Amino acid sequence: MLDCFNRKLELSDRLETDYSHILHYDFPSEFTDTYKTYENSRLWTILEGEISVFIDQYSIPIDNQKFLLLLPEASVKVNIEKPTNALVFELNDSLLKKAYDNLSTDYETDCDQILIKKIFCASESLDFHDTLGRIVKALNSKGKNMEYLLNLYSQELIFHLLQVKGVSQLLNLKPENLTSKAIQYMNDKYMLPITIKQISSQFDMSEANFSQCFKKATGINPKEYLTNLRMEKAKKMITHSSVTDTAFDLGYRNVSRFITLFKEKYGVTPKQYQKNIF
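Just so you know, we're using the working numbering here: the sequence shown kicks off at 1 and counts up by one.
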């Protein structure tokens, strides 16, 4: 059981299951410190007492009716005025994604929520609260079936967590979030000779699966999107640059290919477009 925030102690005094690492904190009164997450998201649940989380000008009170979700690399100030007991679950991203893919939840529970930077706070559903109670009971039993039960209940807890409105999007589990990131990546890198294969590798996906997810969310495949983006930029650039320079500046090493794509898009070659403008 932990009574302070210390990375070395957390690593040595945590219970590992297939679905999470469980940290048990027992804080004294009048405790204040900065809490940090590392490579994984962390789910805070309060068994007894209350904590206040501060970020910027906001103060967020968390008691045993709410949970707190902190994304990776978050840092918040925590204040505890009275003795407080908390269970914290360090969630593995790959397992979260696997759970989301397998559960395929189509509905979301409405709730009051606060999302500030890398912090998300929401009320616990009755099912979430009941599952948390079973986890506490399994931890206290310390029986030979404890590990099996914790794995089972941890899956239940993740299931209830993913049903909370906004959590899947926040954890970047839904295809539209992947697409949003991919679009941002293309807008940042369109002047480089990037390929769809290179983009898909950024998300640890095959080119085929990535393209399928992208098209499902946008209606066009990522290659079309990237080409359209470059052609829109080309129309502006070609007014003050040569055809060759524009092609190179947009990541095309084959100028003839650039000319063909431009003509397919606008019905005229880049040279003809230049003449029409001037």
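No residue lacks a Cβ here, since even glycine has one placed at the ideal position from N, Cα and C. From a predicted model like this one, the values you see are computed outputs, not experimental measurements.
Determine the direct distance from the alpha carbon of residue j to that of residue i, and round the result to whole angstroms.
i: LYS142; j: LEU149; result: 11 Å
i: GLY15; j: LEU23; result: The question names Gly, yet the displayed sequence has Leu at residue 15. About 7 Å.
i: ASN40; j: THR131; result: 22 Å
i: ARG134; j: ALA182; result: 40 Å
i: PRO270; j: THR218; result: 28 Å
i: GLN184; j: ASN228; result: 14 Å
i: TYR38; j: TYR19; result: 17 Å
i: GLU10; j: LYS165; result: 30 Å
i: PHE89; j: PHE5; result: 14 Å
i: GLU207; j: SER59; result: 44 Å
i: LEU226; j: ASP245; result: 19 Å
i: PHE31; j: PRO61; result: 15 Å
So for residue i, helix, strand or coil by DSSP?
i: GLU224; result: helix
i: GLU264; result: helix
i: ASN79; result: strand
i: PHE258; result: helix
i: TYR25; result: strand
i: ARG7; result: helix
i: ASP127; result: helix
i: CYS111; result: Residue confidence for CYS111 is low, a pLDDT of 37 falling below 50, so the modelled location carries little weight; the figure read from the coordinates is stated next. Coil, per DSSP.
i: ALA122; result: strand
i: PRO61; result: strand
i: ASP33; result: strand
i: SER52; result: strand
i: ASN92; result: coil
i: LEU68; result: strand
i: LEU134; result: According to the sequence provided, residue 134 is Arg. The question's Leu does not apply to it. Correct three-state label for ARG134: helix.
i: GLU73; result: coil
i: LEU2; result: strand
i: LEU15; result: strand
i: LEU171; result: coil
i: ASN85; result: strand
Does the separation of the CB atoms of residue i and residue j fall below 8 Å?
i: SER125; j: HIS160; result: yes
i: LEU87; j: LEU47; result: yes
i: ILE158; j: LEU69; result: no
i: ALA122; j: PHE54; result: no
i: LYS233; j: LEU250; result: yes
i: ILE238; j: GLN274; result: yes
i: THR17; j: ILE51; result: no
i: LEU43; j: LEU91; result: yes
i: THR36; j: LEU71; result: A small correction: the amino acid at residue 36 is Lys; Thr does not occupy that position in the sequence shown. It is not a contact, given that the beta carbons lie outside the stated cut-off.
i: ASP215; j: ASN221; result: What sits at residue 215 in the sequence shown is Lys, not Asp. Against a cut-off of 8 Å, the Cβ pair of ASN221 and LYS215 comes out as a contact.
i: ASP33; j: VAL78; result: yes
i: SER287; j: GLU81; result: Not covered by the structure: residue 287. The range shown for the chain is 1 to 278.
i: VAL167; j: PHE128; result: no
i: VAL268; j: VAL255; result: no
i: CYS213; j: LEU171; result: no
Where in the segment 178-253 do unbroken runs of the alpha helix (DSSP H), each at least 4 residues long, occur, reported from the N-terminal end onward? At a cut-off of 4 residues, the continuous stretches assigned as alpha helix (DSSP H) that sit fully inside the segment 178-253 are 196-201, 207-218, 222-237 and 243-249.
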